[in-house]
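Engineer: Pasting a structure below so you can have a look.
In the numbering used here, the protein residues as written are 1016 to 1189.
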């Protein structure tokens, strides 16, 4: 459902709190297999409403995920970035019009400001850029702290920014 919409989710004047509920066995599996970047089922609680059919996994590339583990596979970073997907189990699944929520841990930016400020500046200059805001996240009642939540570059973003969004969308692969 569209609910209040993307502008509500990325409202710069609010600090939204997101709660994930993940079965204990699935969460334990995810902790042991973070580098596989595979989803496990989850429910999202936002503003008192429970959203079913979500999926969660750790996200990142060499810098933000793989470098957070030592040679033995032990996590060395205090917090990892997460991706919550709403169309994993149901292709039309959306959360306030979004297919995914990206929670970036900002592990190399203790101010949590660089990414959000850069994207907001780009928008202020008239450039097309993902929206970003701060959010807090908890999983099964345990706070994971503050994250920079960034809009996924996908079909919805293209539809929001371009009159003719039907074209090729490329993602860099390192």
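Cβ coordinates follow ideal geometry from the N, Cα and C atoms, glycine included. Every value quoted in this text rests on a predicted model; they were computed, and no experiment measured them.
For the stretch 1046-1086, which segments carrying the beta strand (DSSP E) assignment without a break, of at least 3 residues, lie completely within its bounds, in sequence order?
Structural biologist: With a minimum length of 3 residues, the continuous beta strand (DSSP E) runs that stay inside the stretch 1046-1086 are 1055-1061, 1064-1073.
Engineer: Just mark residue 1142 as buried or exposed, buried being the case when its beta carbon has 16 or more other beta carbons within 10 Å.
Structural biologist: Exposed.
Engineer: In whole angstroms, give me the CA-to-CA distance for residue 1115 and residue 1086.
Structural biologist: The straight-line gap from Cα to Cα measures roughly 31 Å.
Engineer: Throw me the rounded Cβ distance for the residue 1066 and residue 1049 pair, which I believe falls under 8 Å.
Structural biologist: Actually they do not touch by this definition, with Cβ atoms about 23 Å apart.
Engineer: Would you kindly work out how many angstroms separate the C-alpha atoms of residue 1178 and residue 1137, rounded to a whole number?
Structural biologist: Their backbone Cα atoms lie some 19 Å apart in a straight line.
Engineer: Out of 1095, 1140, 1038, point me to the one whose CA is closest to residue 1156's CA.
Structural biologist: Among 1095, 1140, 1038, the Cα nearest to that of residue 1156 belongs to 1038.
Engineer: Please indicate yes or no: does the CB of residue 1121 lie closer than 6 Å to some heavy atom of the ligand ADP?
Structural biologist: For the ligand ADP, the structure offers nothing, since it holds no ligand at all.
Engineer: Counting along the chain, where does the beta strand (DSSP E) carrying residue 1137 start and finish?
Structural biologist: Not the beta strand (DSSP E): residue 1137 falls in the alpha helix (DSSP H), residues 1129-1139.
Engineer: What is the DSSP secondary structure of residue 1174, reduced to helix, strand or coil?
Structural biologist: Residue state, collapsed to three classes: helix.
Engineer: Residue 1040 by DSSP, collapsed to three states: which one?
Structural biologist: The answer is helix: DSSP assigns residue 1040 an H, G or I state.
Engineer: For residue 1036, which residues of its own chain have a beta-carbon under 6 Å away from its beta-carbon, when the five flanking residues on both sides are left out?
Structural biologist: So the list reads 1058, once near-sequence residues are dropped.
Engineer: Straight-line CA distance for residue 1169 to residue 1040?
Structural biologist: Roughly 31 Å separates the two Cα atoms.
Engineer: Count the other CB atoms within 10 Å of the CB of residue 1148; is the residue buried (16 or more) or exposed (fewer)?
Structural biologist: Its Cβ being crowded by 16 or more others within 10 Å, residue 1148 is buried.
Engineer: According to the Cβ coordinates, are residue 1118 and residue 1097 closer than 7 Å?
Structural biologist: In this structure, residue 1097 lies closer than 7 Å to residue 1118 by Cβ.
Engineer: Can you have a look at residue 1105 and say buried or exposed, based on whether 16 or more other CB atoms are within 10 angstroms of its CB?
Structural biologist: It counts as exposed.
Engineer: Ordered along the chain, which non-local residues of its own chain (more than five positions away) have a Cβ less than 6 Å from that of residue 1034?
Structural biologist: Closer than 6 Å at Cβ, skipping near neighbours: 1060, 1153.
Engineer: Assuming residue 1120 contacts residue 1084 under a Cβ cut-off of 8 Å, what Cβ separation, rounded to an integer in Å, is found between them?
Structural biologist: About 14 Å; that fails the 8 Å criterion.
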